[in-house]
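Reviewing the structure listed below.
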Amino acid sequence: MNQPPASNSSNSSGNNSNKRRRRKPSGNRNNTQGANSPNQNSPQSAGPNKSGPSRPKRGGRNRKNKGPNPNQGPRLHGIDLVRAKYLSLVEQHVEARRKYYDLFYRADPNQLRKLEREFTDSQAKVLAFENSLKPEDHNLLIKDYGGKPEDRVYTQNHQIPAEQIHVPTTGDFEDPHVLESQKQSDFKNDTEESVGTFDDYKKLKGII
């Protein structure tokens, strides 16, 4: 069989290797130019560096799938919701009343009218809320808080029974404004006539 000469194959491989060596860049001149010249086809220049740490993605506006907020607390229902609303309205009324009476003699007329309006409006809201309740909720509210508590300070200080007492309105009654010294004094035997002026009285008392 006729075979090709071995020298031709070795020469061709050597020539190919030499050609490949010639294609490689030589020297720092081309490298520096390549480093300084911006390469538009480079993936790094096309966009931000993807190898760096990625930022966490922000959540969308749709928050329906999120759980309840722990800061809001449990939702109230039934009589618990009625109690919360009632106490909130009462607290607002007490604060409005405090401001109205504290600034009654210090506020200007416009401010006083505003405070009075807030005071009366807060009271009207409490009464309207009580009237809007169902009978069973209204009874539970009175049972828990006693409705509007009665003022028993005077009866406790004077040891008066809290029950209503029937007081007659006709008859002979003692004057409640007469002092005990006036009750014990007797002026029947006093026949001396009072004479003089008011200036004489002041001189007698040492006022002038």
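Start counting the sequence shown at 44; every next residue gets the next number (my numbering).
Even glycine gets a Cβ: it sits at the ideal position worked out from N, Cα and C.
Source: prediction; values computed, not measured.
> In this structure, does DSSP put E217 in helix, strand or coil?
Replying inline: Residue 217 sits at position 174 when you count from the first residue of the sequence shown. If DSSP states are grouped into helix, strand and coil, E217 belongs with coil.
> Is S237 helix, strand or coil when you go by DSSP?
Replying inline: Within the sequence shown, the letter at position 194 stands for residue 237. Note: S237 maps to coil in three-state DSSP.
>> If distances are taken between C-alpha atoms only, which option among S237, E235, V125, G249 comes closest to E179?
In response: Position 136 of the sequence shown, counting from 1, holds the residue named residue 179. When only C-alpha atoms are compared, the closest one is V125.
> The alpha helix (DSSP H) spanning F271 covers which residue range?
Replying inline: Nothing in the structure corresponds to residue 271, since the chain is present only between 44 and 251.
> Can you list, in chain order, the residues of its chain whose CB lies under 6 Å from that of E161, leaving out five sequence neighbours each side?
Replying inline: Against the sequence shown, residue 161 aligns to sequence position 118. Once the five neighbours on either side are set aside, the close Cβ partners of E161 are A139.
> What is the rounded straight-line gap between the Cα of Q269 and the Cα of A171?
Replying inline: Absent from the structure is residue 269, since the part of the chain shown begins at 44 and ends at 251.
> Would you say S165 and H136 are within 7 Å of each other, going by their C-beta atoms?
Replying inline: One-based indexing of the sequence shown puts residue 165 at position 122. One-based indexing of the sequence shown puts residue 136 at position 93. Against a cut-off of 7 Å, the Cβ pair of H136 and S165 comes out as a contact.
> Going by alpha carbons, who is nearest to D242 out of T234, K128, I251?
Replying inline: In the sequence shown, the residue the question calls residue 242 occupies position 199. Taking only the C-alpha atoms, the option nearest D242 is I251.
> Is the beta carbon of K168 sitting closer than 7 Å to the one on L132?
Replying inline: Position 125 of the sequence shown, counting from 1, holds the residue named residue 168. Position 89 of the sequence shown, counting from 1, holds the residue named residue 132. Cβ atoms of K168 and L132: closer than 7 Å.
> For the alpha helix (DSSP H) that contains I185, what are its first and last residues?
Replying inline: By 1-based counting over the sequence shown, the position of residue 185 is 142. 178–188 is the extent of the alpha helix (DSSP H) around I185.
> In terms of residues, what are the limits of the alpha helix (DSSP H) holding R195?
Replying inline: Indexing the sequence shown from 1 puts residue 195 at position 152. Neither: R195 is in no alpha helix (DSSP H) and is coded neither H nor E.
>> Taking only three categories from DSSP, how would you classify Y129?
In response: Taking the first residue of the sequence shown as position 1, residue 129 is located at position 86. If DSSP states are grouped into helix, strand and coil, Y129 belongs with the helices.
>> If you reduce the DSSP assignment to three classes, tell me which class S228 lands in.
In response: Your numbering for residue 228 matches position 185 in the sequence shown. Coil, per DSSP.
> Assuming Y148 contacts E159 under a Cβ cut-off of 8 Å, what Cβ separation, rounded to an integer in Å, is found between them?
Replying inline: In the sequence shown, counting from the first residue as 1, residue 148 sits at position 105. In the sequence shown, counting from the first residue as 1, residue 159 sits at position 116. At roughly 13 Å, the Cβ-Cβ gap does not stay under 8 Å, so Y148 and E159 are not in contact.
> Got a sec? Which residues, its chain only, sit under 8 Å from Q154 by beta carbon, not counting five neighbours each side?
Replying inline: Position 111 of the sequence shown, counted from the first residue, corresponds to residue 154. Contacts found: L146.
> According to the Cβ coordinates, are I122 and L183 closer than 7 Å?
Replying inline: On the sequence shown, residue 122 is found 79 positions in, with the first residue counted as 1. On the sequence shown, residue 183 is found 140 positions in, with the first residue counted as 1. Taking 7 Å as the Cβ cut-off, I122 and L183 qualify as a contacting pair.
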